[in-house]
């Protein structure tokens, strides 16, 4: 499946699947509409043809850029190509199997089955003879060369953790080792169990079509057996296998990629069938010998372990990236639950009951004018560390920093049955922690700072939002605006809340009613309350 992904500040944040023809532009009638004033109404088009996807400019005003170069003629897109349309950055994503699926087919016209098979684990006739028993010097040299390449291949595979490079290494060295003309690696899809091509290679030119025998494939799968045909057109085992005979293939080797799970502490007992390595020769009858099958089958077992290891490495890298991104938003305990699957984050906006907190530093502008910018940055970093720790300790989500302000959410994206109380408790702890923070600054001869905080609660929309250039998880709604206005109205040291917040916390938090205040965007003055403290002894030490 080919896709275009919006690129945000931290990587792809939203993906759209490409169709046979995808029109891109600012107009809402386009197949892929982007809200970007720098884009033309009909800016560019991506067309699927010749087994791939091509992009061309549609006479746009500002041009279309691919990998920072202006597009002058249609361009064949490849995985990772970055597109710039107006101010919008997009990246082309395509699974390698998408392109290979048009070239590799498992022939379904076969009527017969293999009557005999050779197992790669069989010892009879498959081992290399001692050098003293070989009379043909050229045979000895050929065997040595195969073992030399096999040794190099084993070393290359064992240290490779990039799956694409790993597949390329397997086929490149495999073709050289056995004198094969073509090779393909087929892996099972985790979701369907079906085989799909992930790598394809030929010794000469590009492979436009590779028909793989279903008879051979089914035998390898059903019997976990390595199959060898020394001359497919004459071999009785393949007499009814039309795809082999019609293709004029004279030699075929296919070996299973099997991972012995029982040998790994990370997997339960029971072997796992990963896929098949399939090599053939169309030029030489008897191109492959029994010992070739033995060698390829032995190497396939090592390759299977390397594939499993590479997958684990890739998954861990993805987990680390995801954990790092979540750690910027969520408390560590919530990050652990999300990563383990106990809690699920879903994309898209949805209506939630939540509470929002805004806090910012009073008199920050005059403070910025008095000190060097590096000192101000150091102050903010130290201050934010303290405030964010408190947000996380009370189960909140950090939404963003806005200059010297902190915006935090309770109840989204993770549900919280007591989100309102936790938000107010965090606000109280912030004011207490600021006193300790200022004591440390006083020791260093630095001026104290003060903050005002506003908290509001109610229904809001939460989800991945933003422009096409940069999107992220946030919340919108009247609750957000009200919390921001309360924060602006709060004096140094104040925590101001709305009536719904006061009603929610009830007798657990002591509040003082203030005169209703006119807030920007509100037609009528809003009842507000100053939080004085907690009756039930909020644990500000965590």
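Numbering (my numbering), first residue to last: 11 to 552. Using N, Cα and C, we set each Cβ at its ideal position, and we do this for glycine too.
In chain order, what are the residue ranges of uninterrupted alpha helix (DSSP H) at least 4 long that sit wholly in the region 449–535?
Scanning the region 449–535 for uninterrupted alpha helix (DSSP H) segments of 4 residues or longer gives 488–499 and 509–515, listed from N- to C-terminal end.
Identify every run of the alpha helix (DSSP H) within the region 361–391, keeping only runs that are complete inside it and at least 4 residues long; order them along the chain.
374–380
Am I right that residue 465 and residue 529 are in contact with their C-beta atoms under 8 Å? What's the rounded C-beta distance?
Stepping through the chain shown from its first residue, residue 465 is reached at position 455. Stepping through the chain shown from its first residue, residue 529 is reached at position 519. Wrong, their Cβ atoms sit about 14 Å apart, outside the cutoff.
If I'm right that residue 364 touches residue 429 with Cβ under 8 Å, what's the distance once you round it to whole angstroms?
As a first step, residue 364 is located in the chain shown; it is residue number 354 there, counting from the start. As a first step, residue 429 is located in the chain shown; it is residue number 419 there, counting from the start. That pair is a contact at about 6 Å.
Is residue 400 near residue 287, with beta carbons less than 8 Å apart?
Start at 1 with the first residue of the chain shown, and residue 400 comes out as number 390. Start at 1 with the first residue of the chain shown, and residue 287 comes out as number 277. Contact flag unset, no.
Assess contact between the region 46–60 and the region 91–100, defined as three or more Cβ pairs (one per stretch) separated by less than 8 Å. Is contact present?
yes
With DSSP as the reference, please indicate the residues paired to residue 64 in a beta bridge.
Mapped onto the chain shown, residue 64 falls at position 54. Looking at the DSSP assignment, residue 64 forms a beta bridge with 57 and 86.
How far does the alpha helix (DSSP H) with residue 555 in it extend, from its first residue to its last?
The chain is shown from 11 up to 552; residue 555 falls before or after that span and cannot be answered.
Rounded to the nearest angstrom, what separates residue 230 and residue 69 at their Cα positions?
Translated into positions along the chain shown, residue 230 becomes position 220. Translated into positions along the chain shown, residue 69 becomes position 59. Approximately 53 Å, taken between the alpha carbons.
DSSP beta-bridge partners for residue 266?
For this step, residue 266 is matched to residue 256 along the chain shown. Paired residue(s): 286.
Residue(s) in a DSSP beta bridge with residue 618
This structure does not reach residue 618, given that the chain is present from 11 up to 552, and the question cannot be answered.
With respect to the alpha helix (DSSP H) encompassing residue 233, which residues constitute its N-terminal and C-terminal limits?
Taking the first residue of the chain shown as position 1, residue 233 is located at position 223. The continuous alpha helix (DSSP H) containing residue 233 extends over residues 224–233.
For residue 292, three-class secondary structure by DSSP:
Counting from one through the chain shown, the residue named residue 292 turns up at place 282. Correct three-state label for residue 292: coil.
Is the Cβ-Cβ distance between residue 306 and residue 197 less than 8 Å?
Within the chain shown, the letter at position 296 stands for residue 306. Within the chain shown, the letter at position 187 stands for residue 197. Their beta carbons are not under 8 Å apart, which means residue 306 does not touch residue 197 by this criterion.
State the Cα-Cα distance for the pair residue 319 and residue 207, rounded to the nearest angstrom.
Translated into the one-based positions of the chain shown, residue 319 becomes position 309. Translated into the one-based positions of the chain shown, residue 207 becomes position 197. Between residue 319 and residue 207, the C-alpha separation is close to 20 Å.
Can you round the beta-carbon distance between residue 178 and residue 290 to whole angstroms, since I take them to be within the 8 Å contact cut?
To locate residue 178, count along the chain shown from 1; it is residue 168. To locate residue 290, count along the chain shown from 1; it is residue 280. Incorrect: roughly 18 Å between the Cβ atoms, too far for contact.
Kindly indicate the opening and closing residues of the beta strand (DSSP E) around residue 420.
Within the chain shown, numbered from 1, the residue matching residue 420 stands at position 410. From DSSP, the beta strand (DSSP E) with residue 420 extends over 415–420.
Here's a check: name, in chain order, each residue in its chain whose Cβ is nearer than 6 Å to the Cβ of residue 417, leaving out the five neighbours to either side.
Here residue 417 corresponds to residue number 407 of the chain shown, with the count starting at 1. 368, 409 and 410.
What does the alpha-carbon distance come out to for the pair residue 539 and residue 516?
Counting from one through the chain shown, the residue named residue 539 turns up at place 529. Counting from one through the chain shown, the residue named residue 516 turns up at place 506. So the alpha carbons of these two residues sit roughly 12 Å apart.
Per the contact definition of three or more C-beta pairs closer than 8 Å, is the region 74–83 in contact with the region 58–66?
yes
Please look up how many angstroms separate the CB atoms of residue 44 and residue 56, rounded, as I've assumed it's under 8 Å.
The residue labelled residue 44 in the question sits at position 34 within the chain shown. The residue labelled residue 56 in the question sits at position 46 within the chain shown. About 13 Å separates the two Cβ atoms, so there is no contact after all.
CB-CB under 7 Å to residue 114, same chain, minus the five flanking residues each way: which ones, in chain order?
What you label residue 114 is simply residue 104 of the chain shown in a count that begins at 1. These residues qualify, in order along the chain: 194, 207, 210, 220 and 222.
So, under 8 Å CB-CB, residue 173 and residue 102 are touching, yes? Tell me the CB distance rounded to an integer number of Å.
Within the chain shown, numbered from 1, the residue matching residue 173 stands at position 163. Within the chain shown, numbered from 1, the residue matching residue 102 stands at position 92. Their Cβ separation, rounded to whole angstroms, is 19 Å, which puts residue 173 and residue 102 out of contact at 8 Å.
Inspect the beta-carbon positions of residue 310 and residue 361 and report whether they are closer than 8 Å.
As a working note, residue 310 is residue 300 in the chain shown. As a working note, residue 361 is residue 351 in the chain shown. Their beta carbons are not under 8 Å apart, which means residue 310 does not touch residue 361 by this criterion.
Cα-Cα separation between residue 444 and residue 471, rounded to whole angstroms:
Numbered from its first residue, the chain shown carries residue 444 at position 434. Numbered from its first residue, the chain shown carries residue 471 at position 461. Approximately 31 Å, taken between the alpha carbons.
Host beta strand (DSSP E) of residue 98 (start-end):
Residue mapping note: residue 98 aligns to position 88 of the chain shown, counting from 1. Looking at the DSSP string, the run of the beta strand (DSSP E) that includes residue 98 is 98–104.
Identify whether residue 261 lies in helix, strand or coil by the three-state DSSP scheme.
Residue numbering aside, residue 261 sits at position 251 when the chain shown is read from its first letter. Note: residue 261 maps to strand in three-state DSSP.
Tell me the rounded alpha-carbon separation between residue 415 and residue 490.
Translated into the one-based positions of the chain shown, residue 415 becomes position 405. Translated into the one-based positions of the chain shown, residue 490 becomes position 480. So the alpha carbons of these two residues sit roughly 14 Å apart.
Classification of residue 467 by the beta-carbon crowding that lies within 10 angstroms, buried from 16 upward:
Here residue 467 corresponds to residue number 457 of the chain shown, with the count starting at 1. Under this definition residue 467 is a buried residue.
Mind reading off the beta-carbon distance from residue 406 to residue 419? Whole number of angstroms is fine, and I expect it under 8 Å.
Here residue 406 refers to the residue found at position 396 of the chain shown. Here residue 419 refers to the residue found at position 409 of the chain shown. Confirmed, Cβ separation roughly 6 Å.
What is the rounded straight-line gap between the Cα of residue 16 and the Cα of residue 78?
Taking the first residue of the chain shown as position 1, residue 16 is located at position 6. Taking the first residue of the chain shown as position 1, residue 78 is located at position 68. Residue 16 and residue 78: Cα-Cα distance of roughly 16 Å.
Taking residue 377 as the reference, give the member of 308, 457, 302 and 312 with the closest Cα.
Start at 1 with the first residue of the chain shown, and residue 377 comes out as number 367. It is 457.
By Cβ distance, which residues of its chain are closer than 6 Å to residue 496, with the 5 residues on each side in sequence left out?
Taking the chain shown and counting its residues from 1, the one referred to as residue 496 is at position 486. Taken in chain order, the residues that qualify are 464 and 506.
Reference residue 86; option with closest CA among 60, 99, 100 and 80
Walking along the chain shown from the start, residue 86 turns up at place 76. Selected option, being the one with the closest Cα: 60.
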